[in-house]
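In terms of the working numbering, the sequence shown is residues 10 to 241. Input: a single structure, listed below in structure tokens.
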Amino acid sequence: MESIDPAPVAPEGMSHSVWRALFLPRPRWRGTMHRTVIPLAGAAGVALVLRGSTTADRVGAAVFVFGAVFMFVASGLVHLRRWSVPVYEALFRLDHAAIFVFIAASGTPVAVTGLEGTSGRILFWALWAGALLGVLVRVMPFHPPKGLMNSLFLGLGWVPVLVAPALVTQLDLAVMLLIGVEGVLYTTGALMLGARWPDLAPGHFGYHEVWHTAVTAAVGVHFVVVWLILGA
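Have a look at this one:
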């Protein structure tokens with residue numbers, strides 16, 4: 010039987026993310042999509058904030074917009090070019106921290122404007138406590154085990170299940186359906202990222218670009234969700 014080479018292992022002191030960025034082929038589209046949507050997210054965000062009828066509504070919308078732009082900027086920056094190892098390590102920490110912030114920021118207008126009473130408070134604090142924990146784990150002076158970050162992202166993304174009854178009874182059907190679409194996009198995209206499949210056009214548009222496409226589409230869906238919630 011033909012032997013199979015073991016999977017490459019990152020050198021000691023280097024994270025898996027940095028190893029892949031330095032030594033695996035870098036498609037030409039890497040990071041381009043996220044850099045492109047930064048001004049679009051900012052412009053759409055202004056419209057969202059202006060749509061809010063109360064200070065709380067506008068603050069919740071602004072938090073979401075900040076989280077989205079922050080995530081796209083961090084992603085676009087880390088994938089802008091090949092960096093030195095220390096710079097890469099810092100940028101990947103920023104990138105992963107921005108994802109935690111974005112997940113909590115996405116739920117903020119839902120918790121503040123979409124839900125009433127205890128359910129909104131539970132969702133708000135659970136999301137931000139989870140985001141803080143994730144950021145702290147990522148900035149610790151050690152490299153997390155392979156796959157841990159994606160698991161934490163998915164776990165935080167499904168926190169709204171804690172208040173599922175309130176979501177079903179207090180949000181419009183259209184909003185719930187769109188949130189379901191988001192969940193499918195994020196979860197499917199994360200699973201494909203972990204599997205590194207499909208690698209559609211190596212050298213141009215690989216499996217990581219598929220993930221970025223899923224994320225960008227899901228963020229766009231959530232802009233619509235927040236727009237509908239603010240107008241309810």
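Glycine included, C-beta positions come from ideal geometry on N, C-alpha and C. Note that the coordinates shown come from a computational prediction; the quantities given were computed from them, not determined experimentally.
Setting aside the 5 residues that flank it on each side, histidine 221 is surrounded in the same chain by Gly40, Met42, His43, Ser84, each with a C-beta closer than 8 Å to its C-beta; the list follows chain order.
Scanning the stretch 147-200 for uninterrupted alpha helix (DSSP H) segments of 4 residues or longer gives 157-166, 173-179, listed from N- to C-terminal end.
At a Cβ-Cβ threshold of 8 Å, alanine 50 and valine 74 count as neighbours. Of Met158, Pro118, Gly129, the smallest CA-CA separation from leucine 142 is found for Met158.
Pairwise C-beta distances place the stretch 115-124 in contact with the stretch 63-71, as three or more of them are shorter than 8 Å. In terms of Cα proximity to serine 93, the closest of Gly116, Ala52, Phe79, Trp28 is Trp28. Here alanine 210 carries a strand assignment [DSSP, helix/strand/coil]. When C-beta atoms of the stretch 188-197 are compared with those of the stretch 222-229, three or more pairs fall below 8 Å, so the two segments count as touching. With 16 or more neighbouring CB atoms inside 10 Å of its own CB, phenylalanine 79 falls in the buried class. Annotation for histidine 88: no alpha helix (DSSP H) segment contains it, and DSSP assigns it neither H nor E. For valine 190, the CB contacts under 6 Å within the same chain, skipping 5 residues up- and downstream, are Val230 in chain order. Glycine 76 sits buried, since 16 or more C-beta atoms from the chains shown fall within 10 Å of its C-beta. A straight line joining the alpha-carbon of leucine 163 with that of leucine 132 spans about 16 Å. If one requires a minimum length of 4 residues, the alpha helix (DSSP H) runs lying completely within the stretch 47-125 are 64-87, 94-118, in chain order.
With 16 or more other CB atoms across the displayed protein chains lying within 10 angstroms of its CB, arginine 102 is buried. In the DSSP assignment, alanine 30 falls within the alpha helix (DSSP H) that extends over 25-32. For the options Val233, Ala204, Ala52, the alpha carbon positioned closest to that of valine 219 is the one of Ala204. Using a Cβ-Cβ distance cut-off of 8 Å, the stretch 134-141 and the stretch 99-116 are in contact, since at least three pairs of beta carbons, one from each stretch, lie closer than that value. In this structure, DSSP gives tryptophan 134 a helical state, which the three-state scheme calls helix. Distances from the CA of leucine 33 to each of Pro211, Pro169, Val170 were compared; the closest alpha carbon is that of Pro211.
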